[in-house]
Amino acid sequence: MEKVELLAPAGGMDNLIAAIDAGADAIYIGGTSFGARKQANNPELEELLWGIDYVHLFGKKIYLTVNTLIKEKERREVIDFLRPYYERGIDGVIVQDIGILKEISCYYPDLPLHASTQMSIVDSPGVRLLEELGVERVVPARELSLQEIREIRKRSNIELECFIHGAMCYSYSGQCLFSSILGGRSGNRGLCAQPCRLPFSVNGGKQQDIMSLKDLNTLALLPELIEAGISSFKIEGRMKSPQYVSSVVSIYRKYIDRYYCGKDDFQVEREDAEKLNLAFQRRGYTTGYYKTYNGKNMLSLSAPVRKEERLIEINKKKLSIEGSIFLKKSEPLALVLRYGEYEVKVHGEVVQEAKNMPLSKEKIKEQISKTGNSDFNFGRLDVEIEGDVFIPIKALNTLRREGLELLREKILSVFRRKSVFREEALQDEKEKIQKKERLSASILNLEQLKSCMEETCFDRIYVDSELIFQNELKDILKENEHQEIYLMLPSIFRKSTRDLLNKEYGFIEETFDGILVENFEEIQWLKEHEYQKDIVGDNRLYVMNKSSKKTLYDLGLKDLTVPFELNNKELKQLGISDMDFIIYGRIPLMVTANCIEKNTKECRKTETVNTLRDRYQKKFPVKNFCKYCYNVVYNSAPLVLWQEERELEKLSLKSRRFLFTIESKEDIRQLISLYHRREKPEFDYTKGHFKRGVE
């Protein structure tokens with residue numbers, strides 16, 4: 167069994183040094199751009215290049231985070247941003263954006279690609295799709311159980327990197343627009359303001375931190391995690407202190423090593439448990455979703471008393487090397503340095519005959535051993551002298567510096583790469599020509615379906631997949647004469663959902679004119695079923711740039727949906743005349759494994775809509791999708807954009823969609839009337855990011 171990698175966070179060089187000193191096998195870090203932690207102390211170019219070298223000198227690995235969604239105007243910048251780190255020898259790049267992942271593979275084909283947890287990968291079909299795109303490692307969603315991880319491991323050879331410690335998001339990572347829509351700070355762009363950590367009331371009850379999870383702590387589960395086949399254990403914390411990194415890494419290092427030493431009695435010592443508590447504790451600890459699907463015990467309902475962080479001395483490590491220096495009258499000074507298999511030899515000034523006081527071996531050894539702020543210390547240094555000799559101290563210093571630098575470069579040379587300039591490696595996707603304009607609607611219940619079928623303006627209706635389990639659906643669809651009926655697959659497609667829908671696949675294929683997919687698992691699932699009808703990508707398959715557009719079209723999708731986080735100017739740059747544009751609807755702010763209904767009442771396995779109320783008394787509907795066991799939190803005010811007709815015309819829209827969630831039959835009738843008249847609604851509404859966008 168290959169030993170599991172211990173992967174540590176680094177927000178800056180102090181954290182990086184602390185992690186290596188504490189025993190990390192690898193580091194993940196962001197640069198000044200395109201990382202999901204823009205507020206971390208991210209290093210500038212030269213500093214990070216030094217960090218790459220420092221990590222490599224000690225035989226460890228370093229991965230760069232490019233785990234945000236990339237706008238069209240930025241996609242060439244990403245390639246340029248990566249070039250110096252690629253050439254220096256970065257060991258992998260962690261990516262969220264599917265188009266940028268494809269671009270990187272074209273420009274830097276030998277750079278290992280890691281799929282970020284922001285991709286929300288939850289099952290083996292999604293892993294297989296990414297594997298076919300060249301991904302070597304997947305960071306799956308934190309919501310997966312140990313059994314699901316074992317299942318993925320059985321069905322793929324790809325590396326799995328899983329979180330073992332640190333803060334946890336309430337939402338599936340990459341499925342959250344809460345901070346983005348409420349305050350313009352997008353988690354998909356590295357600026358999450360964590361509004362979920364604030365208190366909310368449920369259905370008018372008392373205010374509490376109902377969406378704030380405890381921190382993850384899996385120290386006691388390490389044997390099971392290792393045996394599940396996880397390749398890399400990831401510690402969260404790129405915005406934490408060096409002391410946090412040092413404490414947490416050293417403790418996990420100790421217990422990982424203990425496991426591999428064959429200790430039968432794997433018990434966490436009380437002292438080490440307390441050290442973790444002192445390192446940092448936001449909300450108490452939980453073992454997360456590895457053993458529990460969800461539950462109130464994962465929550466921290468009130469803000470904790472912050473414990474004082476214990477200060478730990480952080481030491482910059484040095485490599486222990488061997489050396490030999492030779493001094494012979496009338497010959498150049500010679501220094502040989504050795505580290506493992508690496509050896510270098512440098513020559514200096516010609517050695518002179520000593521006229522008064524010859525140099526002693528001790529003096530020469532003392533001077534050469536002054537390695538200062540270099541990356542080396544001498545474990546052994548031999549001095550050979552023939553006769554009474556003299557050499558200036560300055561010459562010894564120069565020789566030492568040149569020798570150490572030459573040895574350093576020789577050790578690091580194996581990591582260096584040369585990039586080959588590729589002009590437009592990935593060609594832009596041209597907008598497809600849509601022959602006629604289309605108005606569509608997506609619905610969540612049978613009443614909405616009936617209402618939309620009565621509204622003859624709708625050319626297409628997307629039907630939520632939970633409805634296929636209701637007998638009445640077949641009878642309703644028999645009444646359809648002129649509208650296309652597409653099936654809308656679930657937001658999250660875990661193995662249990664896949665097993666459920668496998669049983670219904672024949673009915674799905676026969677009944678519906680096409681399918682709307684929301685994730686990579688569903689694309690691959692349909693491909694493996696050899697599905698022949700049209701597949702449409704929903705807004706959760708983020709298309710922020712033309713590369714993402716092309717990649718998804720190449721994966722077999724017929725149509726795509728415009729994302730919520732681009733403004734009208736950015737949409738123009740992207741080109742959306744061939745995409746589905748949501749003109750009305752409550753924007754889904756979160757998709758969660760934890761259930762508001764269960765955590766405040768009990769699990770009744772009954773579809774319902776609860777209401778979260780924030781400190782400003784805004785109400786956020788929360789629907790529990792019981793068949794697939796997830797919640798969706800919707801925005802308090804619906805998106806309404808039909809009044810922006812002048813700007814919409816500039817985008818040459820051919821396809822518009824209504825996103826119905828909690829609307830009644832009467833609501834739908836009134837909304838359609840308002841739309842046709844382009845009238846301003848009397849209720850509270852939002853224009854989303856159509857005007858403002860996100861940074």
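Counting with our numbering, you get residues 167 to 861 for the letters of the sequence shown.
Don't be surprised by glycine CBs; every beta carbon is placed ideally from N, CA and C.
This structure is a prediction, so every number in the text was calculated from the model and none was measured.
In the displayed model, E694 falls within a helix according to three-state DSSP. When rounded, the separation of the alpha-carbon atoms in R404 and A184 is 12 angstroms. Beta-bridge partners assigned by DSSP to L493: I551. The three-state secondary structure of T852, taken from DSSP, is strand. Ranked by Cα distance from I315, the options D257, I392 and E298 are led by I392. Counting along the chain, F247 sits inside the alpha helix (DSSP H) bounded by residues R241 to R254. Within a 10 Å sphere around the beta-carbon of G332 sit 16 or more other beta-carbons, which makes this residue buried. Each residue's CA atom was taken as its position, placing F247 and G197 some 9 angstroms apart. Collapsing the DSSP output to three states places F678 in coil. Between S412 and the set E212, I193, P365 and L737, the nearest pair of CA atoms involves I193.
In this chain, N463 is not harboured by any alpha helix (DSSP H), its DSSP state being neither H nor E. In this structure, DSSP gives K227 an extended state, which the three-state scheme calls strand.
Around the beta carbon of A394, 16 or more other beta carbons sit within 10 angstroms, so the residue counts as buried. In this structure, DSSP gives L807 a state outside helix and strand, which the three-state scheme calls coil. Under DSSP, F556 takes part in a beta bridge, and its partners are Q518. Counting along the chain, C618 sits inside no beta strand (DSSP E); it lies in the alpha helix (DSSP H) bounded by residues L612 to E620. Across the structure, L503 and R566 are spaced so that their CA atoms are roughly 9 angstroms apart.
The alpha-carbon separation between P498 and T537 amounts to approximately 22 angstroms. Apart from the 5 residues on each side of it in sequence, R660 sits with its Cβ closer than 6 angstroms to the Cβ of V288 and D289 in its chain, given in chain order. For N543, the beta-bridge partners assigned by DSSP are S486. Under the three-state reduction of DSSP output, T758 falls in the strand class. In the DSSP assignment, D180 falls within the alpha helix (DSSP H) that extends over M179 to A188.
If only complete runs of 4 or more residues are kept, the stretch 404-443 shows the alpha helix (DSSP H) at 408-426, in order along the chain. Distance check between D541 and each of G680, V709, Y505 and K715 places Y505 closest, using alpha-carbon atoms only. Three or more Cβ pairs closer than 8 angstroms define a contact, and the stretch 323-338 meets that threshold against the stretch 395-402.
Secondary structure of I642 (DSSP, three-state): helix.
Along the stretch 777-841, the alpha helix (DSSP H) occurs as fully enclosed runs of 4 or more residues at 811-816, listed in sequence order.
By the C-beta criterion, the stretch 574-590 is judged not to be in contact with the stretch 789-802, since fewer than 3 inter-stretch pairs fall below 8 angstroms. Taking the Cβ atoms as the reference, G225 lies roughly 15 angstroms from L182, outside the contact range of under 8 angstroms. Nearest to E390 by C-alpha distance, out of K457, Y410, I401 and I347, is K457.
Contact check for V860 against G350 passes: the beta carbons are separated by less than 7 angstroms. Here T727 is bridged, per DSSP, to D746. Within the same chain, no Cβ atom closer than 6 angstroms to the Cβ of S579 is found once the five residues on either side in sequence are excluded.
The three-state reading of DSSP puts E171 in strand, counting E and B together.
Contact between V305 and I324 is ruled out by a C-beta separation of about 11 angstroms, above the 8 angstroms threshold.
When the alpha-carbon of R706 is set against those of D679, L666, L755 and T677, the nearest one is in L755.
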